[in-house]
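>
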Amino acid sequence: MKQPQSPQASQNPRDYVIATMGSHSALQILKGARDEGMRTLVICQKGMERPYQSYGVADAMLLVDDWKKGWNAALERELMERNAIVIPHGSFVAYLGHNRVARMKAMYYGTKEILEWESDRRKERKWLEQSRLLLPRVFKRPEDIDRRVIVKFHGAGGGFGYFVVKSKEQFEEVKRKKYPKEKDFVIQEYIVGVPLYIHYFHSPITGELEIMSFDKRYESNADSIGRIRAEDQLAANIHTSYTIVGNMPVVVRESLLPEMFEMGERVVKISQKLCGPKTASGKRKGLFGPFCLETIITRKLQIYVFEISARIVAGTNPYINGSPYTDLKYDVPMSTGRRIAREIKQAIGEGRLEEVLG
Ligand code: ATP
């Protein structure tokens, strides 16, 4: 195989390798790249390689002892020698952190700076507010609580210990009894409705925003508490947690789609004012590729956004074979993973790879 001198040197997609970390949505990303005729590489933590061997979606595999130490200069050199383009996903960002990602030298799909905007609660809120999305109110002080609120602790894995109260007195009682030392929390209006995750894809190459699919999550124990009566829940003193176990497909009321397209478009537009290097058009690179708005929809069909993920979400995994929405648009089964590979392939072919790298 010819090794191109620089990322832009070759316009042949076969001279590049789509690489990702073996976790989260890697099966989908690798399968999608293979379906687009690209070569694939998975970087696995030892002991986690079984699915990638069994499903055979990677042409090559690199093994590391653990993520933090394993993702080092030697691994990056190896990736660069192979001309690998690294695709980030949720586990990748969680294990490495945005600072480490920012220092990455290997080719990286996406705007690195966007990860700081999604992981810093204040920055994230500023971005979403400027995008004119409906957000749950945030209460700065417990004295201000005047409705049902959800109290979220920072770094509470799977939302363990989040609690719902509706007055300052209730807040102080739960806090004193259960979390006397906890200082880092946010008090957010509790929205009564159904959670819905909207999967978008924005292409700087075609200039189009697409809605790829939707999911809802299967969370432990939030999705099973209702299986026992309220009295027993109280007696057993069960805490609500939101540990993600899997994802389920959803198709939405069609009349919600126009608003959802507009929401995604505004988020992209504002991101182009906020972050990333400036492009020839004068705008910043901002958010592109796959992203997800995490919402709760009320009975009045108001769409509240409580979080954004600025990369592929695992909720796209039910659609390895395409979703009802991508089926409308594409003549082949189009997963989000495959859409990423198609984007990169097109960018390479048009000599525009730099536009999709961070
Ligand atoms: P992360 O992606 O950071 O792990 P998460 O996506 O699990 O977090 P959280 O913000 O931790 O999201 O919320 C956990 C769960 O709590 C969500 O799945 C949602 O069902 C519920 N939730 C979050 N915020 C609200 C809110 N303001 N009103 C009602 N329910 C909420």
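Going from the sequence shown to our numbering is simple: count from 1 and add 258.
Ideal Cβ positions, reconstructed from N, Cα and C, are used throughout, including at glycine.
#1: Are there 16 or more other CB atoms within 10 angstroms of the CB of K260, so buried, or fewer, so exposed?
#2: Mapping the DSSP letters down to three states, classify D585 as helix, strand or coil.
#3: Between E334 and the rest of its own chain, which residues show a CB-CB distance below 8 Å, the 5 nearest in sequence each way excluded?
#4: Quick one: is the Cβ of I496 within less than 6 Å of any heavy atom of the ligand ATP?
#5: Suppose you measure from the CA of K326 to the CA of L354; what does that come to, to the nearest Å?
#6: Please determine whether the Cβ atom of I408 lies at a distance below 6 Å from any heavy atom of the ligand ATP.
#7: Using the three-state DSSP reduction, which class does K260 fall into: helix, strand or coil?
#8: Under a Cβ-count criterion, where at least 16 other Cβ atoms within 10 Å of its own Cβ denotes burial, should P516 be classed as buried or exposed?
#9: Just mark N357 as buried or exposed, buried being the case when its beta carbon has 16 or more other beta carbons within 10 Å.
#10: On the premise that L551 lies in contact with M506, defined as a C-beta separation below 8 Å, what is that separation, rounded to the nearest angstrom?
#11: Could you have a look at A494 and say whether DSSP puts it in helix, strand or coil?
#12: For P265, name the three-state secondary structure that DSSP assigns.
#13: From what residue to what residue does the beta strand (DSSP E) around S471 run?
#14: Any idea what DSSP makes of G413, helix, strand or coil?
#15: Would you check if the region 574 to 592 and the region 382 to 391 touch, i.e. whether three or more CB-CB distances between them fall below 8 Å?
#16: Let's see if you can read the secondary structure: which residues bound the alpha helix (DSSP H) around A538?
#17: I need the boundaries of the alpha helix (DSSP H) containing G595, first residue and last residue.
#18: In the DSSP assignment, what are the bridge partners of A318?
To lay it out plainly:
#1: Looking up residue 260 in the sequence shown gives position 2. Confidence at K260 is low in this model, with a pLDDT of 47, below 50, so its placement is unreliable and no value can be given for it.
#2: Counting from one through the sequence shown, the residue named residue 585 turns up at place 327. In the structure shown, D585 sits in a helix (DSSP, three-state: H, G or I).
#3: On the sequence shown, residue 334 is found 76 positions in, with the first residue counted as 1. Excluding the 5 residues flanking it on each side, E334 has same chain C-beta neighbours closer than 8 Å at M362, K363, A364, in chain order.
#4: The residue labelled residue 496 in the question sits at position 238 within the sequence shown. Residue side-chain check: I496 keeps its Cβ at 6 Å or more from all non-hydrogen atoms of the ligand ATP.
#5: Counting from 1 along the sequence shown, the entry for residue 326 is found at position 68. Counting from 1 along the sequence shown, the entry for residue 354 is found at position 96. K326 and L354 have their C-alpha atoms some 6 Å from each other.
#6: Within the sequence shown, numbered from 1, the residue matching residue 408 stands at position 150. Checking the Cβ of I408 against the ligand ATP gives yes.
#7: Translated into positions along the sequence shown, residue 260 becomes position 2. Reliability of the predicted coordinates at K260 is poor, the pLDDT of 47 falling under 50, and the value obtained from them is presented with this limitation in mind. Residue state, collapsed to three classes: coil.
#8: Position 258 of the sequence shown, counted from the first residue, corresponds to residue 516. With fewer than 16 neighbouring CB atoms inside 10 Å of its own CB, P516 falls in the exposed class.
#9: Along the sequence shown, read from residue 1 onward, the residue named residue 357 stands at position 99. Residue burial is scored here from C-beta neighbours: N357 has fewer than 16 other C-beta atoms within 10 angstroms and is therefore classed as exposed.
#10: As a first step, residue 506 must be located in the sequence shown, where it is residue number 248. As a first step, residue 551 must be located in the sequence shown, where it is residue number 293. Not confirmed; about 17 Å, so no contact.
#11: The residue given as residue 494 occupies position 236 in the sequence shown. The answer is helix: DSSP assigns A494 an H, G or I state.
#12: Along the sequence shown, one-based indexing puts residue 265 at 7. Since pLDDT at P265 reaches only 49, below the 50 mark, its modelled position is unreliable, and the value read off the structure follows with that caveat. P265: coil per DSSP, three-state reduction.
#13: For the purposes of this step, residue 471 is taken as the residue at position 213 of the sequence shown. That run of the beta strand (DSSP E) goes 467 to 479.
#14: As a position in the sequence shown, residue 413 is number 155, starting the count at 1. If DSSP states are grouped into helix, strand and coil, G413 belongs with coil.
#15: No: fewer than three Cβ pairs fall under 8 Å.
#16: Within the sequence shown, the letter at position 280 stands for residue 538. Taken as a continuous stretch (DSSP letters only), A538 belongs to no alpha helix (DSSP H), as it is neither H nor E.
#17: As a working note, residue 595 is residue 337 in the sequence shown. Unbroken alpha helix (DSSP H) run through G595: 594 to 607.
#18: Within the sequence shown, numbered from 1, the residue matching residue 318 stands at position 60. DSSP output for A318 lists L299 as bridge partner(s).
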